[in-house]
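Worksheet: one structure, shown below.
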Amino acid sequence: MRLSNFYLFTKKENPSDAYLASHKLMVRSGMIKQVATGIYSWLPMGLMVLNKIKEVVVEHHVKSNINEMLMPTIQSADIWKKSGRFNDYGKEMLKIKDRHNNDLLYGPTNEEMITDIISDDLKSYKDLPKLLFHVQWKFRDEVRPRFGIMRCREFLMKDAYSFDLDYDSAFFAYCKMFGLYMKIFKTLGLKVIPVRAESGPIGGALSHEFILESNEGESDIYYDNRLLNISIDQVNLDNKAEIKEYYEAVTNLYSCTSDKHEELNFNKNVPKDNQKLSKGIEVGHIFYFGTKYSELLNANFTNNNGKEALIHSGSYGIGISRLVGAIIEANYDEKGIIWPKEVSPFQLGLINVRNDNQVSLNFCESYYNNNASNFKILYDDRNARIGEKLNNMDLLGIPVQIIVGEKNLVNQNLEIKDRKTGKVNLVNIEKLQSYLSDNYEF
RNA sequence: CGGUGCGUAGCGCAGCCUGGUAGCGCACUAGUCUGGGGGACUAGGGGUCGUAGGUUCAAAUCCUGCCGCACCGACCA
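Under numbering that gives the first Met the number 0, the first sequence has 398 at position 399, and the numbering climbs by one with no breaks.
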């Protein structure tokens with residue numbers, strides 16, 4: 000992408016209404032623009048990142064044989080009246096009336112709707128188990144939205160739903176999703192702590208939150224830091240024994256939200272050196288709620304004895320739009336954003352030191368033209384001053400920058416700058432390709 | 001929903017107390033000089049001062065309602 004063709008308008012100054020670094024940086028880097036309290040437009044740069052994260056999450060689900068589908072944002076109130084949540088959900092639910100005066104709502108979540116769908120289809124124990132997910136915009140009319148995209152009213156969420164014939168089977172689904180989440184967050188380059196949690200208005204007995212540690216987080220957590228040593232890498236999510244072993248190894252160690260915290264148990268079960276008290280951002284939340292919605296919405300099947308039984312279900316959410324902010328919180332410095340390679344909208348930033356220099360201009364043009372199909376390159380082709388280009392590229396957080404100036408070009412050299420370390424290496428033009436592939440995974 | 005504060009150019013702000021030609025920095029346009037970390041100079045363009053009403057010869061400024069935004073609290077993914 001040539002900057003001259005890109006709808007990207009960055010700002011030198013911070014917005015006055017932003018508090019969190021991630022919020023300031025998202026506005027400054029032209030990713031989002033606020034529309035109303037807790038509602039944002041995603042500009043091209045922001046949408047690229049959002050889509051990258053979504054892609055990672057979707058791929059992991061699809062690989063695990065979880066089927067992607069799509070439910071609408073607007074829902075009929077009927078099923079919510081059946082489940083009792085039309086009133087119970089409270090003012091956070093945005094209620095709408097259509098022209099026929101029917102009650103509609105902008106979905107805050109989809110348990111009712113998915114249960115209504117599967118209750119028509121899953122009729123026999125032979126149809127179970129099943130897992131479905133979608134990525135869709137949600138609306139929760141928060142009392143006080145804040146922190147930009149981190150806690151907004153309209154947000155993009157991946158929600159998955161599991162359907163099983165009994166507790167044992169449902170528990171396996173829960174463990175599998177637990178492991179899948181750990182893999183997803185690891186892929187995104189995030190250190191995420193799974194903690195026991197309250198299930199809130201979703202309901203149900205078994206629930207875990209996934210917390211990205213951050214000083215700016217809103218959740219307080221207590222955990223045994225030995226759980227960080229347990230790796231998900233080698234665990235096969237489809238192998239019941241393996242995944243349960245992993246789940247138990249992790250959840251046997253103390254780890255919970257402040258709601259669930261018991262100081263006595265913490266001290267009794269966790270050696271002092273391993274006790275960790277920390278804050279973080281909730282980026283995922285999973286629930287097993289048994290037959291709660293099946294009962295309310297009549298989702299039953301015929302078991303192998305010919306008897307009717309209720310479907311056991313669970314739901315599993317990841318805040319996709321929140322992750323954009325959360326990832327920035329975990330990856331920035333005083334210059335700007337530092338995107339992990341998995342979510343960076345571009346792989347390479349290309350900077351021409353002087354546009355009026357024929358030597359560097361020729362090189363940049365031909366490099367870009369020859370490589371734009373191999374790499375995602377953001378080429379700053381503006382006739383701007385070098386300082387502006389460098390600062391701008393740092394702000395945008397693209398992992399690797401190629402800085403092209405005549406001074407180095409006459410010696411057949413380019414500057415390759417690593418955004419994260421700030422280190423600049425002179426690299427021979429001939430060796431550029433191998434330097435990049437040796438030092439970076441694309 | 002309670003408490004506090006704010007709304008003036010695309011962004012960040014001053015002016016308001018004490019009413020009298022709407023200002024500054026950044027950004028933008030043109031030109032000149034510059035040229036390795038948001039450069040300098042010159043000349044420009046852009047505002048019904050959130051909105052509706054009131055007071056007044058005169059309102060960005062004083063008064064009232066409404067709308068919007070932020071922060072703190074309670075609540076929540």
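No residue lacks a Cβ here, since even glycine has one placed at the ideal position from N, Cα and C.
Straight through space, the alpha carbons of residue 179 and residue 315 are spaced by roughly 11 angstroms. Between the alpha carbons of residue 68 and residue 326 lies a gap of roughly 26 angstroms. If you look at residue 275, you'll find it in the beta strand (DSSP E) that goes 274-289. According to DSSP, residue pairing for residue 307 in a beta bridge involves 301. In the structure shown, residue 36 adopts coil according to DSSP, grouped into three states. For the set 265, 78 and 441, the Cα lying nearest the Cα of residue 104 is the one of 78.
In this model, residue 270 and residue 252 are separated by some 11 angstroms (Cα to Cα). If you draw a straight line from the Cα of residue 33 to the Cα of residue 267, it is about 48 angstroms long. Annotation: the segment 163-213 contains the following complete segments of the alpha helix (DSSP H) (minimum length 4 residues), in chain order: 166-186. Per DSSP, reduced to three states, the secondary structure at residue 375 is coil, with no helix or strand assignment. In the DSSP assignment, residue 406 is bridged to no other residue. Relative to residue 343, the option among 3, 261, 380 and 394 whose CA is nearest is 394. The shortest C-alpha to C-alpha distance from residue 402 to any of 40, 364, 152 and 110 is the one to 364. Between the alpha carbons of residue 55 and residue 283 lies a distance of about 14 angstroms. By a beta-carbon distance limit of 8 angstroms, residue 423 does not contact residue 434. Their separation comes to about 13 angstroms. Of all alpha-carbon atoms in 153, 419, 101 and 230, the one lying nearest the alpha-carbon of residue 186 is that of 230. Secondary structure of residue 48 (DSSP, three-state): helix. Its chain contains 273 and 275 as the residues whose beta carbon lies nearer than 7 angstroms to that of residue 224, once the 5 sequence neighbours on both sides are disregarded; these appear in chain order. CA-CA distance, residue 135 to residue 53, rounds to 10 angstroms. DSSP, reduced to helix, strand and coil, places residue 257 outside both helices and strands of the structure shown, so it counts as coil. Residue 22 is classed as buried because its beta carbon has at least 16 other beta carbons within 10 Å across all chains shown.
Rounded to the nearest whole angstrom, the CA to CA distance from residue 96 to residue 250 is 45 angstroms. Only buried fits residue 246, as 16 or more other CB atoms lie within 10 angstroms of its CB.
In the DSSP assignment, residue 222 falls within the unbroken beta strand (DSSP E) covering 218-223. Boundaries for residue 430: no alpha helix (DSSP H) harbours it, and the DSSP string shows neither H nor E there. Look at residue 159 here: in three-state DSSP terms it is strand. If you compare the alpha carbons of 419, 294, 328 and 310 with that of residue 122, the shortest gap goes to 310. If the five residues before and after residue 181 are omitted, its C-beta is found closer than 6 angstroms to the C-beta atoms of 231, all from its own chain and listed in chain order. For residue 74, the enclosing beta strand (DSSP E) begins and ends at 73-75. As the crow flies, the alpha-carbon of residue 411 is around 14 angstroms from that of residue 366. Annotation for residue 137: the continuous beta strand (DSSP E) segment containing it runs 129-138.
Taking each of 162, 211, 234 and 43 in turn and checking the Cα distance to residue 377, the smallest one comes out for 43. Closest in alpha carbon position to residue 204, among 312, 57 and 421, is 312. Assignment of residue 231 by DSSP, reduced to helix, strand and coil, places it in the coil class. Residue 13 and residue 70 do not touch by the CB rule: their CB atoms are close to 38 angstroms apart, not below 8 angstroms.
Annotated as proximal: residue 128 and residue 161, with beta-carbon spacing under 8 angstroms.
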